[in-house]
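Protein chains in written order, with the numbering used here: chain A, 83 to 756; chain B, 83 to 756. Yeah, the Cβ is synthetic: ideal placement off N, Cα and C, and Gly gets one too. Given the structure is predicted, the values throughout are model-derived calculations rather than measurements. Let me begin by presenting the structure, written as structure tokens, before commenting on it.
Protein chains: 2
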Amino acid sequence: MGFASRLSLGVKPSKALLFLPCLFTVLLVGSQGESTAMDNVATERLAEESHRQDSANLLIFIMLLTLTILTIWLFKHRRFRFLHETGLAMIYGLLVGVILRFGVHVPQNMSNVILSCAVNASPATLLVTFDPEVFFNILLPPIIFHAGYSLKRRHFFRNIGSILTYAFMGTVISCFVIGLTMYGFVSFMKVVGQLGGDFYFTDCLFFGAIVSATDPVTVLAIFNELKVDVDLYALLFGESVLNDAVAIVLSSSIVAYQPAGDNSHSFEATAMLKSFGVFLGVFSGSFALGVATGVMTALVTKFTKLRDFPLLETALFFLMSWSTFLLAEACGFTGVVAVLFCGITQAHYTYNNLSPESQDRTKQLFELLNFLAENFIFSYMGLTLFSFQSHVFNPLFIIGAFVAVFLGRAANIYPLSFLLNLGRKNKIGSNFQHVMMFAGLRGAMTFALSIRDTATYARQMMFSTTLLIVFFTVWICGGGTTPMLSFMSIPVGVDSDQESSVTMVDGSQRRNTKHESAWPFRIWYTFDHNYLKPLLTHSGPPLTATMPACCGPLARCLTSPQAYENEGQLHDDDSDFILNDANVSSMYADVTVSTDASGSRTVNRKRSTAAAAGTGGGPSDEGLDQELALGEHELVIRGTRLVLPMDDPVEPPTTVTLPPPPSPPRSDPRRHRL
Amino acid sequence: MGFASRLSLGVKPSKALLFLPCLFTVLLVGSQGESTAMDNVATERLAEESHRQDSANLLIFIMLLTLTILTIWLFKHRRFRFLHETGLAMIYGLLVGVILRFGVHVPQNMSNVILSCAVNASPATLLVTFDPEVFFNILLPPIIFHAGYSLKRRHFFRNIGSILTYAFMGTVISCFVIGLTMYGFVSFMKVVGQLGGDFYFTDCLFFGAIVSATDPVTVLAIFNELKVDVDLYALLFGESVLNDAVAIVLSSSIVAYQPAGDNSHSFEATAMLKSFGVFLGVFSGSFALGVATGVMTALVTKFTKLRDFPLLETALFFLMSWSTFLLAEACGFTGVVAVLFCGITQAHYTYNNLSPESQDRTKQLFELLNFLAENFIFSYMGLTLFSFQSHVFNPLFIIGAFVAVFLGRAANIYPLSFLLNLGRKNKIGSNFQHVMMFAGLRGAMTFALSIRDTATYARQMMFSTTLLIVFFTVWICGGGTTPMLSFMSIPVGVDSDQESSVTMVDGSQRRNTKHESAWPFRIWYTFDHNYLKPLLTHSGPPLTATMPACCGPLARCLTSPQAYENEGQLHDDDSDFILNDANVSSMYADVTVSTDASGSRTVNRKRSTAAAAGTGGGPSDEGLDQELALGEHELVIRGTRLVLPMDDPVEPPTTVTLPPPPSPPRSDPRRHRL
């Protein structure tokens with residue numbers, strides 16, 4: 083069975099050896115020569131047996147995912163939208179967990195197991211578990227990379243100030259609010275005598291950090307389908323993507339807090355400063371590495387003609403993105419964070435250099451990996467509720483955690499929104515704030531962080547509680563998104579292209595985007611547009627035009643021939659990610675054609691849509707809420723635009739002459755989450 | 083660090099835990115509770131350190147692959163074709179192996195290491211090694227699946243009798259010829275006193291089995307580029323795909339040969355019969371499983387409307403194909419073999435049910451996985467020449483092995499070709515036979531089989547020798563393919579579409595394919611066309627037409643609505659895989675347009691082409707050989723068809739009116755290997 087088993091003989095070697103792509107064993111030459119041990123037939127047979135068992139276990143998961151896919155299809159087919167695929171995966175995981183625990187392996191004492199449903203029963207149950215590091219090294223990276231790679235960039239950059247505020251300050255606030263609240267609860271539990279082990283303040287803070295990572299997949303999938311306001315989408319998506327990074331670095335900084343001396347949980351300024359230094363160092367290091375590999379990929383794809391061979395190009399893109407993760411881990415930074423910023427950089431620069439086929443390929447590849455990894459994590463989550471052996475469900479702690487999570491989210495959203503609104507022209511309405519509050523789902527990152535270490539009593543209690551929080555938020559908050567949207571009168575059916583196209587017509591789009599941002603971002607915009615884009619991609623103005631005259635030869639050498647062609651039309655090609663043929667044509671159909679295949683009902687809708695948009699008559703909230711609650715999926719499926727009245731109305735979808743979209747990508751970016 | 087490390091504490095737990103997608107640990111509830119051990123800070127720090135080391139090691143490989151990709155691009159860009167990407171990957175692996183061994187880690191005694199270049203020197207060298215099972219469980223499955231999924235099916239089925247003969251009988255013959263030859267050499271070595279350990283007859287046979295798996299990636303890539311005769315391509319590709327399966331089952335049957343009693347290497351009829359039984363059982367079991375999951379996927383994709391959601395469809399396809407592997411491994415069959423037949427079934431049935439987007443996605447996905455896995459294996463191969471610690475290079479054994487491999491290949495190709503030609507209408511010419519002989523490269527499968535067990539002296543010697551065989555065949559035979567083709571006067575520039583289109587015009591295509599096959603295959607064709615295709619796909623005649631009247635309701639229920647539309651035009655949609663728009667249009671350009679962008683040189687070529695094809699004048703071998711040797715890459719790149727004279731000439735590329743190809747797929751299947 084080879085090298086590795088020589089190192090770990092006797093501990094079921096092939097357990098570890100089976101499905102791992104890259105099990106490395108670094109051998110020193112000195113440690114060879116015991117190869118006679120390999121002849122041990124018994125060991126080999128044991129390994130073979132466990133290999134079979136492992137295959138069977140993994141098969142359970144594959145079947146679970148297959149079942150999930152088929153059910154998702156059924157749901158989509160029947161247009162049933164209250165349960166997202168991740169919620170579904172959790173339910174199937176739960177069912178399999180129940181079967182594995184109570185059904186299959188203990189038929190002899192079946193009856194009394196069912197009677198005594200306590201979680202620590204049935205000592206003979208066979209369990210399916212993964213090494214938690216799998217989540218961090220295999221499953222999370224593609225999810226996070228995909229999040230970065232599929233950021234709707236213009237809307238993201240337009241709101242970048244707010245997003246950064248929510249993601250950084252908000253997560254830190256949330257972490258400390260939750261930590262303090264939990265410390266209060268834990269102190270109370272100690273007094274009451276409900277605490278079965280140690281639980282320090284650092285544990286409370288750690289808990290605060292891990293449950294501060296929001297993951298509104300469900301909500302965003304519904305937003306995507308209903309075409310909810312793009313700014314709200316950008317705020318939520320951007321926040322959730324970035325706060326994953328903040329939470330992961332924050333939690334590792336808290337773990338790094340180790341005061342000198344005996345009492346390892348007292349307050350000490352030096353240790354705290356060190357933790358703060360760790361936070362800054364790890365975050366900026368990971369950021370720099372991610373951006374650096376992204377930039378390198380952009381340069382390679384720009385200056386070679388690799389685009390003639392899409393397979394090579396896609397392979398290079400994949401390998402470079404993977405190497406970001408490995409490089410960060412090898413340097414002691416956080417791979418997942420590096421991968422996130424690598425994804426954003428790749429989308430912003432490299433994507434423009436790729437051949438159309440590679441653009442499709444890379445997007446589809448990471449879409450698939452994201453889909454599989456996400457559903458795998460969520461179904462595993464369902465499974466662990468019954469298969470994890472050291473659950474500590476403490477009612478008081480759980481109640482405290484729910485209260486703390488609520489408070490933490492509120493302390494993040496409302497005060498920060500108030501502060502941000504002081505500076506924003508396009509205010510974040512109170513209904514938007516309520517939706518952001520409501521959409522603070524916890525998902526894959528929270529789970530991965532909490533399962534990573536379940537050695538102590540405190541960590542076990544955290545893990546069990548976290549599981550419940552994830553279940554609750556994904557099922558209840560996720561399922562309640564559509565009613566919530568209609569209750570909060572959030573505009574749906576807003577076409578992101580529409581708005582941007584309208585502003586593009588009057589030529590103020592770029593200025594708009596800039597003016598909505600604070601001055602550091604305006605400087606960044608100019609720098610990016612004048613120097614980075616031309617340097618790293620084929621687009622943008624030629625460097626010869628933007629760089630000082632003294633750098634002429636260098637500028638000529640670095641500018642791509644295509645850039646000169648673009649010189650006349652300096653459009654912002656961030657819109658590449660958003661505009662596409664299909665959308666535009668359906669818009670035309672919407673505006674100019676008065677009757678279509680769906681007949682009278684559509685005409686009815688159009689009337690109420692027009693009324694709601696303020697072009698025909700006054701707003702009629704009740705009727706529209708009803709409309710929204712009853713028939714919104716049909717609306718969306720027919721591509722009809724429904725615009726509800728809001729506090730500060732955006733441009734109504736009036737008849738405008740649209741310019742042909744600049745070089746639309748071949749596939750629909752909005753399909754990135756089905 | 084979680085569950086797994088609890089099991090394997092003290093043996094560098096995180097070594098195993100890092101990059102594995104699915105490290106399973108099956109815990110019995112009884113074995114819990116030692117969680118206090120987790121607090122061990124030293125263990126954690128050790129784990130972290132080794133995690134970093136592992137990341138760095140894997141990074142070396144990623145960088146190696148990146149470098150390979152860039153060099154491949156350069157080679158393709160400069161149209162240099164003597165070194166295939168796999169050969170290149172090996173060279174880079176070799177270089178890194180040399181650097182790791184002699185360069186980096188032993189700077190203090192650098193000079194004397196370089197002086198004494200013996201392979202077992204430098205005890206302080208750091209080595210990068212994988213668990214060999216990684217090859218079988220992670221890297222080989224996508225390669226083999228891709229091979230099955232990209233079989234050019236019609237040409238494959240037209241030659242299926244010959245392919246099966248070469249793959250089954252040929253591999254068995256080769257195995258025994260090599261085994262016997264090696265036994266002779268080994269006996270001689272024993273007499274001379276050159277053998278440093280045991281080497282039994284079963285070892286010889288095992289060696290015969292593993293080096294009988296041919297893998298002509300390099301050759302086929304060149305064939306693909308040069309458009310070598312499709313039948314030759316089909317014979318070689320089909321043989322190499324299937325003989326991998328035969329060799330892997332054969333080698334495991336030989337390992338299973340264990341006579342009772344003390345002398346475990348004597349001949350015993352019962353044990354041999356048992357081995358034969360193992361062979362049959364494992365092979366047929368793997369075959370049945372692979373086909374079964376393929377059929378299941380076809381049924382699911384046919385009877386659901388999953389095609390509306392390409393992401394779900396692709397994910398399902400991927401998961402079902404992966405589950406084949408796991409199912410086979412869990413049942414004790416061979417996953418790689420099951421995956422091969424699953425791939426063929428998926429290509430034959432499921433592929434027709436997929437949406438065009440999913441067809442692209444699945445092909446591109448497996449193309450990418452295949453590319454990465456293949457290059458990974460080959461670069462690792464290069465690395466092991468210097469990094470493997472137990473090499474046994476025995477000059478006599480190596481010479482013997484080369485002789486045996488040559489004899490084994492000859493005993494496979496020539497006698498079987500003679501026998502096959504007795505029955506074939508379209509004879510396998512002697513030049514074809516020489517090329518098949520020459521193209522018997524050894525590659526990934528041989529390497530994976532030989533590295534799987536390197537515990538004994540015999541196995542170590544086999545491994546070292548196998549490495550050399552792979553290097554030699556890939557570099558020498560692979561690089562010599564183009565000269566060999568021109569030396570053997572093999573027709574290049576034959577368009578697979580052309581031939582098939584021509585036969586399609588006179589309506590005899592299906593009959594041709596059938597008539598070239600023996601009666602069992604004719605029965606299979608009819609059954610497949612009348613029952614399986616309509617049952618499992620949307621194509622073919624409706625079951626209501628082919629099934630007996632009594633099964634009417636069932637037939638109606640199982641027939642897809644599209645099948646009735648196809649009723650009129652019962653074309654064989656195997657051609658879907660071969661025909662496509664681009665090819666046909668370039669053909670038109672070739673035949674009808676007399677001048678094109680490349681000007682006078684093309685006109686010259688056209689003249690000689692026409693001469694060679696026998697439409698203008700007599701053949702002129704010398705000039706054509708020269709043509710072939712000097713400028714063939716330019717020929718191919720411009721899409722000009724060059725047909726050399728052969729023993730029994732096929733249809734010349736005269737002007738024919740082509741029907742529009744039936745529903746051409748959107749992507750070019752010939753791009754499957756760049």
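- Per DSSP, the unbroken alpha helix (DSSP H) holding A/Leu-531 starts and ends at 526–533.
- Pairwise C-beta distances place the segment 425–440 of chain B in contact with the segment 615–629 of chain B, as three or more of them are shorter than 8 Å.
- Within the segment 392–419 of chain B, the residues whose Cβ lies closer than 9 Å to some Cβ of chain A are Pro-392, Leu-393, Leu-394, Glu-395, Thr-396, Ala-397, Leu-398, Phe-400, Leu-401, Met-402, Trp-404, Ser-405, Phe-407, Leu-408, Leu-409, Ala-410, Glu-411, Ala-412, Cys-413, Gly-414 and Gly-417, listed in chain order.
- DSSP, reduced to helix, strand and coil, places A/Thr-148 within a helical segment of the structure shown.
- Beyond the five residues adjoining it in sequence on each side, B/Lys-384 comes within less than 7 Å, by CB distance, of Asn-435, Leu-618, Thr-619, His-620 and Ser-642 in the same chain, given in chain order.
- Residue environment for A/Val-421: buried (at least 16 other C-beta atoms within 10 angstroms of its C-beta).
- For B/Ser-334, no CB of chain A lies under 8 Å from its own CB, so it is not counted at the interface with that chain.
- One thing to note: A/Leu-467 has its Cβ within 8 Å of the Cβ of A/Leu-176.
- Assigned with DSSP and collapsed to three states, B/Thr-641 falls in coil, not helix or strand.
- Judged by DSSP in its simplified three-state form, B/Phe-164 adopts coil rather than helix or strand.
- Note: A/Thr-296 is bridge-paired with A/Arg-524 in the DSSP secondary-structure output.
- Every candidate beta strand (DSSP E) stretch fails here, since none sits fully inside the segment 225–304 of chain B while reaching 3 residues.
- For B/Val-552 against B/Met-629, the beta-carbon gap comes to about 51 Å, at or over 8 Å, which does not count as contact.
- A distance below 8 Å separates the beta carbons of B/Pro-573 and B/Asp-311.
- Secondary structure at B/Phe-475: coil, using DSSP grouped into helix, strand and coil.
- In the three-state reduction of the DSSP assignment, B/Gly-622 falls in the coil class.
- The DSSP assignment places 312–338 as complete runs of the alpha helix (DSSP H) inside the segment 300–365 of chain B, in order along the chain (cut-off: 4 residues).
- B/Asn-508 sits in coil when the DSSP states are folded into three classes, being neither helix nor strand.
- Of A/Gly-634, A/Cys-286 and A/Ala-351, the smallest CA-CA separation from A/Ala-483 is found for A/Cys-286.
- Within its own chain, the residues whose Cβ lies closer than 6 Å to the Cβ of B/Gln-542, once the five positions on either side in sequence are excluded, are Ser-472, Val-474 and Thr-536, listed in chain order.
- Under the Cβ distance rule, A/Phe-157 does not count among the residues neighbouring chain B, no pair being separated by less than 8 Å.
- Of the candidates B/Glu-167, B/Thr-253, B/Glu-411 and B/Leu-614, B/Glu-167 places its Cα closest to the Cα of B/Phe-458.
- Taking the Cβ atoms as the reference, B/Phe-400 lies roughly 31 Å from B/Leu-362, outside the contact range of under 8 Å.
- Annotation for B/Met-402: Thr-375 and Thr-379 place their beta carbon closer than 6 Å to its own, counting only its chain and skipping 5 residues before and after.
- Exposed is the label assigned to A/His-159, since fewer than 16 other Cβ atoms lie within 10 Å of its Cβ.
- Residues of the same chain with a CB within less than 8 Å of the CB of B/Arg-389, apart from the 5 flanking positions on each side, are Thr-383, Glu-395, Asn-435, Leu-436, Ser-437 and Ser-440 in chain order.
- Interface flag for A/Leu-381 against chain B is unset, since no Cβ pair is found closer than 8 Å.
- Linking B/Val-178 to A/Ile-181 through their CA atoms gives a straight-line distance of about 50 Å.
- Chain A has no Cβ within less than 8 Å of the Cβ of B/Ser-461.
- Using beta-carbon distances, A/Ile-154 counts as an interface residue toward chain B, with a partner under 8 Å.
- Of A/Ala-370, A/Arg-134 and A/Phe-391, the smallest CA-CA separation from B/Ile-154 is found for A/Phe-391.
- The segment 260–268 of chain B and the segment 319–334 of chain B do not touch, with fewer than three beta-carbon pairs separated by less than 8 Å.
- DSSP, read as helix, strand or coil, puts A/Ser-571 in coil.
- Nearest CB-CB separation between B/Ile-260 and chain A: not below the 8 Å threshold.
- DSSP places B/Leu-221 in no alpha helix (DSSP H); its state is neither H nor E.
- Residues of the same chain with a CB within less than 6 Å of the CB of B/Phe-423, apart from the 5 flanking positions on each side, are Phe-369, Gly-372 and Val-373 in chain order.
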